[in-house]
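Asker: Got a structure here, written out as structure tokens. Questions coming.
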Amino acid sequence: MSRPKLTILLASPRGFCAGVERAIEIVEQALMQNGPPVYVRHEIVHNRHVVDDLRAKGAVFVEELDEVPEDALVVFSAHGVPKAVPAEARRRRLLYADATCPLVSKVHRGVEQHHRNGRTVLLIGHAGHPEVVGTMGQLPRGAVILVETVEQAERVAVPDPERVAYATQTTLSLRETEGVVAALKRRFPALAGPRREDICYATTNRQRAVEAIAPAADLTLIIGAPNSSNSVRLVEVARAAGCPRAALVQCAASMDWGLLEGAGTVAISAGASAPESLVDELIEACRERFAIEVREVRVVKEDVSFRTPPIPLRQAS
Ligand code: SF4
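Numbers in my numbering are just positions in the sequence shown, counted from 1, shifted up by 163.
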């Protein structure tokens, strides 16, 4: 029996960003230099396959520093950490490597600068996301106010409306963030902030690539984890761009093939923490079921990379 036809529109850029590649490299270098175990505070990036792979090489993932034994080496995740975390590591004389993405560190420096200039910082982001926790933790409690929605932007109260600044999580939806920033600018004409939002190049490019292909597809599949902010945003972007159906898929093995029923064209992309191997596996799984034609649609070429910092060496015992 001949297989049904399926056109796959493959977004480019997709998948790993420079910050994720750097974070993984830091853990791998730490393991190579020091041997296992290397402790990692939080998932280094939000992807189970990446975490499992590093775990198999000897990384031990913990939630908090009190789970890290004395004289161990610990790596902080790409999302960034509150200032209290490295301070606590130093107090306990732990060796640590900071895998915070340089673009997140830039946001940290920005909020510190606004605070020094006497401004209240309004942080646009999602409550509880590790990046938001890390950014809020750069300043004393109360100095940063989280704004999640346009409604909150319309209501938020600040001590001095003349001295207000904003910053954003790096992985937000461009469209939604514009609405929140516009509401804040209307209420606080003196609002200071970055020239554009802090949404990073990788988030921007992946959203633009999905916007380019989703309208022509019956279904959009985004490979990524449910706790990966940028992956979840890509699903929202596909829907907002007019794709009738969009779903997050963790990997080919967890694919609900019923989603593809009646679909002639499917758009595929991957969040910034999803390895390319997961994209390859999904395409191969499609090939087993359909006569596929793959068309890659590239909206921009990326050539961003970040250098890894020196990794501390544990003393031989
Ligand atoms: S998504 Fe952007 S900010 Fe986050 S790690 Fe990647 S490059 Fe850095």
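The beta carbon of each residue, even a glycine, is placed where N, CA and C say it ideally should be.
These numbers were taken from a predicted model, which means no experiment stands behind them.
1) What are the partner residues of residue 261, as DSSP defines its beta bridges?
2) Measuring only the C-alpha atoms, how far is residue 453 from residue 411?
3) Could you check whether residue 260 and residue 475 sit closer than 8 Å to each other, using their CB atoms as the reference points?
4) Please report the distance separating the alpha-carbon of residue 317 from that of residue 279.
5) Who does residue 410 pair with in a DSSP beta bridge?
6) Could you check whether the Cβ of residue 340 sits closer than 7 Å to any heavy atom belonging to ligand 1?
7) From residue 239 to residue 312, what distance separates their C-alpha atoms?
8) On the premise that residue 271 lies in contact with residue 305, defined as a C-beta separation below 8 Å, what is that separation, rounded to the nearest angstrom?
9) Below 8 Å, can you find three or more Cβ-Cβ pairs linking the region 289–307 to the region 217–226?
10) What are the complete alpha helix (DSSP H) segments, minimum 4 residues, inside the region 297–372?
11) For ligand 1, I want to know if residue 274 counts as a neighbour, meaning its beta carbon is within less than 7 Å of at least one of the ligand's heavy atoms.
12) Helix, strand or coil, according to DSSP, for residue 286 in the structure here?
13) If distances are taken between C-alpha atoms only, which option among 438, 247 and 185 comes closest to residue 388?
14) Hey, how far is the Cα of residue 253 from the Cα of residue 205?
15) With distances taken between CB atoms, is the gap from residue 442 to residue 455 smaller than 8 Å?
16) With a Cβ-Cβ cutoff of 8 Å, do residue 336 and residue 400 count as a contact?
17) Would DSSP call residue 447 helix, strand or coil?
18) By a C-beta neighbour count over all protein chains shown, 10 Å radius and 16 as the cutoff for buried, is residue 247 buried or exposed?
19) Assuming residue 288 contacts residue 332 under a Cβ cut-off of 8 Å, what Cβ separation, rounded to an integer in Å, is found between them?
20) State buried or exposed for residue 457, treating a residue as buried only when at least 16 other CB atoms are found within 10 Å of its CB.
21) Does residue 440 pass the burial test, meaning 16 or more other C-beta atoms within 10 Å, or should it be called exposed?
22) On the premise that residue 319 lies in contact with residue 354, defined as a C-beta separation below 8 Å, what is that separation, rounded to the nearest angstrom?
23) Would you list the residues sitting across from residue 175 in a DSSP beta bridge?
24) Pick out whichever of 255, 466, 379 and 477 has its Cα sitting closest to the Cα of residue 179.
25) Relative to ligand 2, is the shortest distance from any of its heavy atoms to the C-beta of residue 210 smaller than 7 Å?
26) Can you tell me which of 169, 173 and 168 puts its alpha carbon nearest to the alpha carbon of residue 462?
Answerer: If we stick to the structure as given:
1) DSSP lists 239 as partners of residue 261.
2) Inter-residue distance for residue 453 and residue 411 is about 20 Å (C-alpha atoms, whole angstroms).
3) It is a contact, given that the beta carbons lie within the stated cut-off.
4) So the two alpha carbons sit approximately 25 Å from each other.
5) 384.
6) False, no ligand heavy atom lies under 7 Å from that Cβ.
7) So the two alpha carbons sit approximately 29 Å from each other.
8) Between residue 305 and residue 271 a beta carbon distance of about 17 Å is seen, past the 8 Å cut, so the two are scored as non-contacting.
9) Fewer than three Cβ pairs drawn from the region 289–307 and the region 217–226 lie within less than 8 Å of each other, which leaves the two stretches out of contact.
10) For the region 297–372, whole alpha helix (DSSP H) runs of length 4 or above, ordered along the chain, are 313–318 and 337–350.
11) Outside the cutoff, so no.
12) In the three-state scheme derived from DSSP, where H, G and I count as helix and E and B as strand, residue 286 is classed as strand.
13) Put simply, of 438, 247 and 185 the residue whose alpha carbon is nearest the alpha carbon of residue 388 is 438.
14) When only Cα atoms are considered, residue 253 and residue 205 end up about 18 Å apart.
15) With respect to residue 455, residue 442 sits apart: the two C-beta atoms are not nearer than 8 Å.
16) The Cβ atoms of residue 336 and residue 400 sit closer than 8 Å to each other.
17) Three-state DSSP puts residue 447 in a helix.
18) By the neighbour-count criterion, in which 16 or more other beta carbons inside 10 Å mark a residue as buried, residue 247 falls on the exposed side.
19) The C-beta separation of residue 288 from residue 332 comes to about 3 Å, placing the pair in contact by the 8 Å criterion.
20) Taking every protein chain shown into account, the CB of residue 457 has fewer than 16 other CB atoms within 10 angstroms, so this residue is exposed.
21) The residue in question, residue 440, is exposed, as its Cβ has fewer than 16 Cβ neighbours within 10 Å.
22) So it is not a contact: roughly 11 Å between Cβ atoms.
23) Residue pairing by DSSP places residue 175 opposite 461 in a beta bridge.
24) Of 255, 466, 379 and 477, the residue nearest in Cα terms is 466.
25) No copy of ligand 2 occurs in the structure displayed; its ligands are ligand 1 alone.
26) Answer by Cα proximity: 173.
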